[in-house]
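Going by my numbering, the letters in the sequence shown line up with residues 13 to 637, in that order. By construction, the Cβ of each residue, glycine as well, lies at the ideal position given by its N, Cα and C atoms.
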Amino acid sequence: MLNIKKASLWAAGVASALTLISTTIAQQPRAVDAKVLVTAGTAKDAMPGTWLTYGLSQNEQRYSQLKQIDATNVGKMGLAWAAPLTAPGGRGGTEGTPLMWNNTIYQTMDNSIVYALDARTGQQKWMYDAKIDPMTARHMCCGTHNRGLAISEGKLILASNDARLIALDAVSGKELWQSKVAEISEYYSFTIAPRIAGDNVVVGVGGGEYYIRGFFAAYSLKDGKLAWKFHTVPPAPGKPFEDKAQEEAAKTWTGDWAKYGGGGSVWDGLVYDPELNLVIAGTGNPEPWPLELRGLSQENWLKYPNLYTNSIVAVDAKTGKYKWHYQTVPSDGWDLDGIGGFIMADVQIEGKTRKVIMQAPKSGVFYIVDRTNGQFISAEPFVPINWATGFDKKNNGRPIINPDAFYDQNKVVVIYPGGGGAHNWAPMSYNPNAGLVYLPYTAGTYNFVAAAEPNVNAGGGAHGLGQAGQKPRTTPMPIWGPTQEQVGRGGLQARDPKTNTIKWVKQGRGGNIGGGTMTTASNLVFQVASNQNTLYAYKADTGEELLALPYNLPGGAPPITYMIDNVQYIGFATGTQFLSMKVGGTAAMPLPPAGNAKGKGAPKGAAPPPPPPPPVDELHGNTKQ
Ligand code: CA
Numbered sequence: 013m014l015n016i017k018k019a020s021l022w023a024a025g026v027a028s029a030l031t032l033i034s035t036t037i038a039q040q041p042r043a044v045d046a047k048v049l050v051t052a053g054t055a056k057d058a059m060p061g062t063w064l065t066y067g068l069s070q071n072e073q074r075y076s077q078l079k080q081i082d083a084t085n086v087g088k089m090g091l092a093w094a095a096p097l098t099a100p101g102g103r104g105g106t107e108g109t110p111l112m113w114n115n116t117i118y119q120t121m122d123n124s125i126v127y128a129l130d131a132r133t134g135q136q137k138w139m140y141d142a143k144i145d146p147m148t149a150r151h152m153c154c155g156t157h158n159r160g161l162a163i164s165e166g167k168l169i170l171a172s173n174d175a176r177l178i179a180l181d182a183v184s185g186k187e188l189w190q191s192k193v194a195e196i197s198e199y200y201s202f203t204i205a206p207r208i209a210g211d212n213v214v215v216g217v218g219g220g221e222y223y224i225r226g227f228f229a230a231y232s233l234k235d236g237k238l239a240w241k242f243h244t245v246p247p248a249p250g251k252p253f254e255d256k257a258q259e260e261a262a263k264t265w266t267g268d269w270a271k272y273g274g275g276g277s278v279w280d281g282l283v284y285d286p287e288l289n290l291v292i293a294g295t296g297n298p299e300p301w302p303l304e305l306r307g308l309s310q311e312n313w314l315k316y317p318n319l320y321t322n323s324i325v326a327v328d329a330k331t332g333k334y335k336w337h338y339q340t341v342p343s344d345g346w347d348l349d350g351i352g353g354f355i356m357a358d359v360q361i362e363g364k365t366r367k368v369i370m371q372a373p374k375s376g377v378f379y380i381v382d383r384t385n386g387q388f389i390s391a392e393p394f395v396p397i398n399w400a401t402g403f404d405k406k407n408n409g410r411p412i413i414n415p416d417a418f419y420d421q422n423k424v425v426v427i428y429p430g431g432g433g434a435h436n437w438a439p440m441s442y443n444p445n446a447g448l449v450y451l452p453y454t455a456g457t458y459n460f461v462a463a464a465e466p467n468v469n470a471g472g473g474a475h476g477l478g479q480a481g482q483k484p485r486t487t488p489m490p491i492w493g494p495t496q497e498q499v500g501r502g503g504l505q506a507r508d509p510k511t512n513t514i515k516w517v518k519q520g521r522g523g524n525i526g527g528g529t530m531t532t533a534s535n536l537v538f539q540v541a542s543n544q545n546t547l548y549a550y551k552a553d554t555g556e557e558l559l560a561l562p563y564n565l566p567g568g569a570p571p572i573t574y575m576i577d578n579v580q581y582i583g584f585a586t587g588t589q590f591l592s593m594k595v596g597g598t599a600a601m602p603l604p605p606a607g608n609a610k611g612k613g614a615p616k617g618a619a620p621p622p623p624p625p626p627p628v629d630e631l632h633g634n635t636k637q
């Protein structure tokens, strides 16, 4: 027979023990570690409601399990809170995807500044300034941007613009260690969000428009010591090879390339696959751009594809040793960096489940590759292109360069897409239920390209080739891909990776840079369209528009979603404020907070949505790195 009194006492004892435990947890929040990160964003999420890595999950699908906000209530979303992002030194720009852990939003801004904000109220917990030298911007092609942080073992990792890795205590914001990865004076820089790979943090360098020799590398989370480094271009002729992969790469270069460094930066796409023990990076253009200066022509490009530039490169996550590569643009002379975030997924293709990696880089082509071995699956233009005429399936899908795309001192060509690329850093997302990838893009841009002296000197400035205004002296090349009617000048397209085709398009929404997307288990896609300063929500499967919320502030960075106290929020940074929204939030977009002088220009209350402006002119795009 149950003794009621004893049972009550027992229950009271358990209750007080639980109180004690929960108090302890509140003081020392459970740290993120490699095991937690494997579950992040998945159905088995060890910390549901958080956002712990750049792409939410390690497969970087930006697919949230949260479903409280759905088609029935998303139209009632409004502002929950707004927080100023106006640190001295911050220039009011951002490309950063925030993290959310321990009820805290971590947002990076330009000039290597980090904010920690209370995710319920927006109150600032702390701010960290890496205090980069003001000259740093002079050593970067395209601005002192930053795309986000990594978190693990109680540390936040910042890749500062001046090529340092900095570990901060995730609770207090205090600096724990710094590691100098490369020299900013030699034009190495960071804009990338680092990724955690087990006990290491992995990062890749920017600077591919200068003399750099590109690489990505892993550093110990514990103390910031180098674990391994993979060079994306070989050493200069005569210098020793680091390993066999470098020796193989050296055979694919000719001419005077080494005088200019090689390029092959790794400034955006980077993933860790714990199951396959791979780190996979996307690499940028070879340097210098002009084909002639690298000894390349229509006759020899097949022999000299300039590995491992413009490639998807996989290495062993523990050792950094080469595993496989797929080159998205061989012998690139058009600045079509193989850059742009990856998405990994299991996709049914021709009756088989394939472990794929997907990328839509600047070249305007949507590539699908088997990530277990680098085997080509498919590639299709997602905007009109003319640099390639097809993909050679007999040679693992090697792009077939249009013979008319080659140029020299006497020949100018017009290349689609332009130098900013058809898709740049704006994050894609993938909804496994809808089976669709959401891709922000810009279409119809082009570059005049001609041989010229490279301009990669210390002054920065132009990147070599752009001869805008020069009349082409070639027969116009046929353009391949979707029609202008289908894709307009840019927007958001949903692609089905099973067939690598367009499912639906929203013209004018967003573009190759700015904003980006994420998607949820409640069949929604969210997009910050920074060209319209509007947050959109669509049905993930059909594209039906459910929300268009103008936010009346400059800029717009990738959105995340998170849940605290059973309330789901959508949050993103603008150039001047972080905005967090929820169902039932105030209808009007934020007034500038009191005392925030920089917010003065923001209009009061909600304004009608602006007419769709033309997409950003990317003739000489502003984020090519
Ligand atoms: Ca580039």
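{"Asked": "Within 10 angstroms of its Cβ, does residue 490 collect 16 or more other Cβ (buried), or is it exposed?", "Found": "exposed"}
{"Asked": "Identify every residue that forms a DSSP beta bridge with residue 172.", "Found": "Residue 172 pairs with nothing; no bridge assigned."}
{"Asked": "Secondary structure at residue 472, three-state DSSP: helix, strand or coil?", "Found": "Note on residue 472: pLDDT 26, under 50, position unreliable in the model; the coordinate value appears next. The answer is coil: DSSP assigns residue 472 none of H, G, I, E or B."}
{"Asked": "Looking at C-alpha atoms only, which residue of 167, 160 and 173 is the closest neighbour of residue 145?", "Found": "173"}
{"Asked": "Evaluate contact between the region 443-454 and the region 494-504, counting only Cβ atoms and requiring at least three cross-stretch pairs below 8 Å.", "Found": "yes"}
{"Asked": "Please give me, in chain order, every unbroken run of the alpha helix (DSSP H) with length at least 4 that falls completely inside the region 362-422.", "Found": "none"}
{"Asked": "Scan the region 492-529 and note each continuous alpha helix (DSSP H) run of 4 residues or more that stays entirely inside, going in chain order.", "Found": "496-499"}
{"Asked": "Give the straight-line distance between the Cα atoms of residue 399 and residue 427, rounded to the nearest whole angstrom.", "Found": "6 Å"}
{"Asked": "Is residue 76 a contact residue of ligand 1, with contact defined as CB to any heavy atom under 8 Å?", "Found": "no"}
{"Asked": "Between residue 592 and ligand 1, is the CB less than 8 Å from at least one heavy atom?", "Found": "no"}
{"Asked": "Count the C-beta pairs between the region 579-587 and the region 77-97 that are closer than 8 Å, then say yes if the count reaches three, no if not.", "Found": "yes"}
{"Asked": "Between residue 519 and the rest of its own chain, which residues show a CB-CB distance below 6 Å, the 5 nearest in sequence each way excluded?", "Found": "500 and 503"}
{"Asked": "What residue range does the beta strand (DSSP E) around residue 589 cover?", "Found": "589-595"}
{"Asked": "In angstroms with no decimal places, state the Cα-to-Cα distance between residue 258 and residue 248.", "Found": "10 Å"}
{"Asked": "What does residue 354 pair with, by DSSP beta-bridge criteria?", "Found": "According to DSSP, which records beta bridges pairwise, residue 354 is partnered with nothing at all."}
{"Asked": "In or out: residue 65 buried (at least 16 other Cβ within 10 Å) or exposed?", "Found": "buried"}
{"Asked": "Can you tell me the Cβ-Cβ gap for residue 392 and residue 512, rounded? I've got them flagged as a contact below 8 Å.", "Found": "4 Å"}
{"Asked": "Is any heavy atom in ligand 1 found nearer than 8 Å to the beta carbon of residue 318?", "Found": "no"}
{"Asked": "Assuming residue 177 and residue 191 form a contact by the criterion Cβ under 8 Å, report the distance between their Cβ atoms to the nearest whole angstrom.", "Found": "4 Å"}
{"Asked": "Under the three-state reduction of DSSP, which class applies to residue 190: helix, strand or coil?", "Found": "strand"}
{"Asked": "If you count every other CB in all the chains shown that lies within 10 Å of the CB of residue 293, and 16 or more means buried, which is it?", "Found": "buried"}
{"Asked": "Does any heavy atom of ligand 2 sit closer than 8 Å to the C-beta of residue 171?", "Found": "The model depicted lacks ligand 2 and carries ligand 1 instead."}
{"Asked": "Go through its chain and collect everything with a Cβ distance to residue 109's Cβ below 6 Å, but skip five positions before and after it.", "Found": "66, 160 and 570"}
{"Asked": "Below 8 Å, is the gap between the Cβ of residue 221 and the nearest heavy atom of ligand 1?", "Found": "yes"}
{"Asked": "Starting from the Cα of residue 281, find the closest Cα among 356, 54, 121 and 492 and give me that residue.", "Found": "356"}
{"Asked": "With a threshold of 6 Å on Cβ separation, who are the neighbours of residue 445 within its own chain once the five nearest residues in sequence on each side are excluded?", "Found": "none"}
{"Asked": "So for residue 304, helix, strand or coil by DSSP?", "Found": "helix"}
{"Asked": "Consult DSSP for residue 428 and reduce its assignment to one of helix, strand or coil.", "Found": "coil"}
{"Asked": "Taking the straight line between their C-alpha atoms, what separation do you get for residue 366 and residue 358?", "Found": "6 Å"}
{"Asked": "Terminal residues of the continuous alpha helix (DSSP H) containing residue 48?", "Found": "46-51"}
{"Asked": "Return the chain-ordered list of same chain residues with a C-beta closer than 6 Å to the C-beta of residue 50, the five sequence neighbours on each side being excluded.", "Found": "286"}
{"Asked": "Return helix, strand or coil for residue 572, following the three-state DSSP convention.", "Found": "strand"}
{"Asked": "Mapping DSSP to helix, strand and coil, what is residue 150?", "Found": "helix"}
{"Asked": "So, helix, strand or coil for residue 93, using DSSP?", "Found": "strand"}
{"Asked": "Let me know if residue 465 comes out buried or exposed under the rule of 16 or more other beta-carbons within 10 Å of its beta-carbon.", "Found": "Low per-residue confidence applies at residue 465: pLDDT is 47, beneath 50, and the placement is therefore not dependable, though the value from the model is reported in the following sentence. Looking at its Cβ environment, which holds fewer than 16 other Cβ atoms inside 10 Å, residue 465 is exposed."}
{"Asked": "Check this for me: beta carbons of residue 9 and residue 369, under 9 Å apart or not?", "Found": "Coverage of the chain is limited to positions 13 through 637, which leaves residue 9 absent and any answer about it impossible."}
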